[in-house]
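Structure, as structure tokens:
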Amino acid sequence: MAVRVQSEPFDAAAEARALTAGRADVGAVVTFVGLCRDEGGTLAALELEHYPGMAEEEISRVVAEAQARWPLMGATAIHRYGKIAPGEDIVLVVTASAHRVAAFAAAEFLMDYLKTRAPFWKKEHRKDGTSGDWVAAKDADDAAADRWKA
Amino acid sequence: MKCVYFAWVRERVGATDEEIAPPAEVRTVGDLIGWLVSRGENYAYAFENARAIRAAIDRKHVKHDALIAGAKEIAFFPPMTGG
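These protein sequence lines map, in sequence, to chains W and E. Just add 6 to wherever you are in the first sequence, counting from 1, and you've got my numbering. Just add 241 to wherever you are in the second sequence, counting from 1, and you've got my numbering.
This is how it looks when you write it as structure tokens:
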């Protein structure tokens, strides 16, 4: 399992290839990339603040939980911080398994849990020059994470 | 112990981190919030909706009833919006 918290961009295709390199038992790889939207053309950038140390540790705990729940052959999670422009990548989750069901489910679980447990906060910078608001947490994200608790 | 603040909690408190020495009767995270609020308007503003504030002790999420004895670093922050 690989977990990274970084300001630099990542290469999603290279990360996915790395999970299958040198092995022939993987039957499914799911790659999810979360991007910065422009919010109807009003957003200049998102500023992502994080809790250094805890961010890596918490994502690692979430990945370990995914590995305990599904038969994964590999998992990678990368989360960026700092100023990110619309169209740029923010977060990457890659899961590898023998079959697609586990890979899809684990990727969705990882994203649902990253959104509600990983210590990152987004602040909006508006195109009109104003420093916008902190993005508010959504009840829908909590509900999405809660459905895995059953 | 060290207190660290993130996002709008950090902005409202006006500090990224600080060393604190709460009295012995401050036993839980919730007690600590109450003690911080008594220290000034900036804390009262940051914690005005205390139930919404998340906390971590030594980089692990905790609830407000968690005991703070032995903690090296206590963090306060809004609900997370990563991903």
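The beta carbon of each residue, even a glycine, is placed where N, CA and C say it ideally should be.
- Listed in chain order, the beta strand (DSSP E) runs fully inside the segment 9-78 of chain W are 34-41 and 49-56, counting runs of at least 3 residues.
- Exposed is the label assigned to arginine 153 of chain W, since fewer than 16 other Cβ atoms lie within 10 Å of its Cβ.
- In the same chain as phenylalanine 126 of chain W, and ignoring 5 residues on each side of it, the C-beta atoms closer than 6 angstroms to its own belong to Leu54 and His56, in chain order.
- Straight through space, the alpha carbons of valine 278 of chain E and alanine 149 of chain W are spaced by roughly 31 angstroms.
- Taking the Cβ atoms as the reference, glycine 40 of chain W lies roughly 4 angstroms from valine 97 of chain W, within the contact range of under 8 angstroms.
- Shown here, glycine 135 of chain W sits in coil according to DSSP, grouped into three states, outside any helix or strand.
- Valine 107 of chain W has its alpha-carbon roughly 40 angstroms from the corresponding atom of glycine 138 of chain W.
- The C-beta separation of proline 319 of chain E from arginine 300 of chain E comes to about 17 angstroms, leaving the pair out of contact by the 8 angstroms criterion.
- One thing to note: isoleucine 84 of chain W has its Cβ within 8 angstroms of the Cβ of glutamate 21 of chain W.
- Annotation: aspartate 118 of chain W is outside any beta strand (DSSP E); the continuous alpha helix (DSSP H) that includes it extends over 106-123.
- With respect to the C-alpha of alanine 19 of chain W, the residue from W/Ser13, W/Leu49, W/Gly47 and W/Val100 having the closest C-alpha is W/Val100.
- By the C-beta density criterion, arginine 29 of chain W is exposed, having fewer than 16 other C-beta atoms within 10 angstroms.
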